[in-house]
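Peer 1: Numbering (UniProt numbering), first residue to last: 1 to 465.
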């Protein structure tokens, strides 16, 4: 094979894009999303019990390093006598890397990781641990790349107040009723007596026609769901609103409170708040006409963030497979502008993930690409992508619950009409929250696909026929 491989991990806190994502690319899942549209071109595979894909990659990297010596002293098979094919190979022909993975090995590494928030000792220790694992054998050129991330903090508690009339104002409580989103701009010098007009956006605000009644200068109020927060904010920006409020949908107990660590788009120009379900409904049912806001920030020293990249020493650097994940979020690319060149390969990568799950009689579902930046920039350049998604705070519907119950049994079927991972981005997301069955098969699915791609004689032709 003439293809090099990059094992890449970029560690940053992951904001909470709404996983019921913008209708652009899609992903595939082994878990339980609400019903997804089937007309998306790019697919991911999602196992969706409880899991963060970042940890799959971290553990997979460590396992590859520890097991790699058994592959004829080569990091990943660099040459192969296999005939190129457009169909996935059967499981027994691709068993070496997959069969080398054990839950016990993964848990050894997983126990080394806890919180990895930037600017903390844990983040720096994570970088050191990854680097040490990759340097254990002389198979990779390991490099670190550093960059700074701007940081701010609230200068004072923000204020959100409804103004039914001048003499009858209603004050919302921070952080019980609302929290600012990451990248929110400030709201200063609003008139306390007049406020600004409130506009309730039709449906879920995912299409420009939903915003027909919203005028320039309004404060937009929209419910969570069906597309990313970023997409909604971009539409709000087009309408030149003065602020953006999104409220939780109340579909489950986990979706009542304001959602922390959600992120507005890069270069956002709007004050953006995330409201509780109760606060959003209060604004609607009480027929509130005007809003007063005050949000002010104080700049902090920037945080230094490190990327770790490990390139195989053998292989063609111009034919590189990038394996990795990072945990921040960007605005989603648009279906209409993604180069067609990426479509065939993305579909074939997806088929490989499906192949693993079907061979092992495991349920799976398609899920939309949410625009997160681990694959977004690659797709935008016409590079084929695919991957795994574990569900996060998407909701498992009854049909999925029944199907998973039938295929996996009563202990692994999950619960209908609840978040796939109720601890997603919460303090309870510890090792005790880990579903080891899902964890093992997500990692093996990633290994299955990597092993297949690494052994193709002409990967470029397979991806871009």
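Every residue gets a Cβ at the ideal spot worked out from N, C-alpha and C, and that includes glycine.
Give the DSSP-derived three-state secondary structure of residue 389 in the structure shown.
Peer 2: Strand at residue 389.
Peer 1: Just grab the DSSP bridge partners of residue 225 for me.
Peer 2: BP columns for residue 225 point to 227.
Peer 1: How far does the beta strand (DSSP E) with residue 153 in it reach, from first residue to last?
Peer 2: Element bounds for residue 153: 140-154.
Peer 1: Using the three-state DSSP reduction, which class does residue 281 fall into: helix, strand or coil?
Peer 2: Helix, per DSSP.
Peer 1: Whole angstroms are fine: how far does the CA of residue 117 sit from the CA of residue 379?
Peer 2: Near 27 Å, if we compare the C-alpha coordinates of residue 117 and residue 379.
Peer 1: DSSP puts residue 292 in a beta bridge; with which residues?
Peer 2: Residue 292 pairs with 161.
Peer 1: Please state if the CB of residue 125 and the CB of residue 303 are separated by a distance shorter than 9 Å.
Peer 2: The answer is no: Cβ separation not under 9 Å.
Peer 1: Express the C-alpha separation of residue 258 and residue 169 in angstroms, rounding to a whole number.
Peer 2: Each residue's Cα considered, the two are about 22 Å apart.
Peer 1: Assuming residue 377 is part of the alpha helix (DSSP H), what are its boundary residues?
Peer 2: Residue 377 -> alpha helix (DSSP H) spans 376-380.
Peer 1: Give the C-beta separation of residue 96 and residue 451 to the nearest angstrom, bearing in mind that I take them to be a contact with Cβ-Cβ under 8 Å.
Peer 2: Right, their Cβ atoms sit about 7 Å apart.
Peer 1: Out of curiosity, what's the CA-to-CA distance linking residue 159 and residue 395?
Peer 2: Cα-Cα distance, rounded: 31 Å.
Peer 1: Measure the alpha-carbon distance for residue 416 versus residue 212 and round it to whole angstroms.
Peer 2: For residue 416 and residue 212, the distance between alpha carbons rounds to 35 Å.
Peer 1: With distance defined between alpha-carbon atoms, name the residue in 461, 445, 137 and 172 nearest to residue 292.
Peer 2: The shortest Cα separation from residue 292 among 461, 445, 137 and 172 belongs to 172.
Peer 1: For the beta strand (DSSP E) holding residue 260, just list the boundary residues, first then last.
Peer 2: Element bounds for residue 260: n/a, residue is neither H nor E.
Peer 1: Note the first and the last residue of the continuous beta strand (DSSP E) segment covering residue 101.
Peer 2: Taken as a continuous stretch (DSSP letters only), residue 101 belongs to no beta strand (DSSP E), as it is neither H nor E.
Peer 1: To the nearest angstrom, how far is it from the Cα of residue 316 to the Cα of residue 436?
Peer 2: Straight-line Cα distance between these residues: approximately 36 Å.
Peer 1: Please name the residue, chosen from 403, 393 and 367, that lies closest to residue 387 on a Cα-to-Cα basis.
Peer 2: Per the Cα distances, 367.
Peer 1: Among the residues of its own chain, which have a CB less than 7 Å from the CB of residue 237, if the five just before and after it don't count?
Peer 2: 269 and 270, listed in sequence order.
Peer 1: So for residue 92, helix, strand or coil by DSSP?
Peer 2: Bear in mind that the predicted position of residue 92 carries a pLDDT of just 48, short of 50, making it too unreliable to give a figure here.
Peer 1: Just to confirm, are residue 273 and residue 200 a CB contact at a threshold of 9 Å?
Peer 2: No, Cβ-Cβ distance for residue 273 and residue 200 is not below 9 Å.
Peer 1: CA-CA distance, residue 297 and residue 120?
Peer 2: In a straight line, the C-alpha of residue 297 is about 21 Å away from that of residue 120.
Peer 1: According to DSSP, simplified to helix, strand and coil, what is residue 36?
Peer 2: Confidence in residue 36 is poor, its pLDDT being 34 and thus under 50, which makes the residue's placement too unreliable to answer from.
Peer 1: On the CB-based measure, 16 or more other CB atoms within 10 Å of its CB, does residue 402 come out buried or exposed?
Peer 2: Answer is exposed; the Cβ neighbour count stays below 16.
Peer 1: Since I believe residue 98 is in contact with residue 444 (beta carbons under 8 Å), could you give me their beta-carbon distance rounded to a whole number of angstroms?
Peer 2: Right, their Cβ atoms sit about 5 Å apart.
Peer 1: Look at residue 385 and residue 454 and say whether their C-beta atoms are less than 9 Å apart.
Peer 2: No.
Peer 1: Once you ignore the five residues that flank residue 218 on each side, which residues in its own chain have a CB closer than 6 Å to its CB?
Peer 2: Cβ within range, chain order: 197, 199 and 241.
Peer 1: CB residue 290 to CB residue 164, shorter than 9 Å?
Peer 2: The answer is yes: Cβ separation under 9 Å.
Peer 1: Considering residue 533, what are the terminal residues of the alpha helix (DSSP H) in which it resides?
Peer 2: No answer is possible for residue 533: it lies beyond the span of the chain, which begins at 1 and ends at 465.
Peer 1: Under 9 Å between the Cβ atoms of residue 283 and residue 253?
Peer 2: Their beta carbons are not under 9 Å apart, which means residue 283 does not touch residue 253 by this criterion.
Peer 1: Buried or exposed: residue 461, going by 16 or more other Cβ atoms within 10 Å of its Cβ?
Peer 2: Label assigned to residue 461: exposed.
Peer 1: Identify, in the order they occur along the chain, each residue of the same chain with its Cβ nearer than 6 Å to the Cβ of residue 204, setting aside the five sequence neighbours on each side.
Peer 2: Only 223, 225 and 226 meet the Cβ criterion.
Peer 1: Could you spell out the range, first to last residue, of the beta strand (DSSP E) harbouring residue 303?
Peer 2: Where residue 303 is concerned, the enclosing beta strand (DSSP E) stretches over 297-312.
Peer 1: Mind checking whether residue 248 and residue 235 have CB atoms under 9 Å apart?
Peer 2: Contact: no.
Peer 1: Using a 10 Å radius around the Cβ and a threshold of 16 neighbouring Cβ atoms, would you call residue 147 buried or exposed?
Peer 2: By the neighbour-count rule (16 or more Cβ atoms within 10 Å), residue 147 is not buried but exposed.
Peer 1: Could you pull the start and end residues of the alpha helix (DSSP H) that residue 363 belongs to?
Peer 2: No alpha helix (DSSP H) holds residue 363; DSSP gives it neither H nor E.
Peer 1: Among 154, 439 and 463, whose alpha-carbon lies nearest the alpha-carbon of residue 104?
Peer 2: Comparing Cα-Cα distances from residue 104 to each of 154, 439 and 463, the minimum goes to 439.
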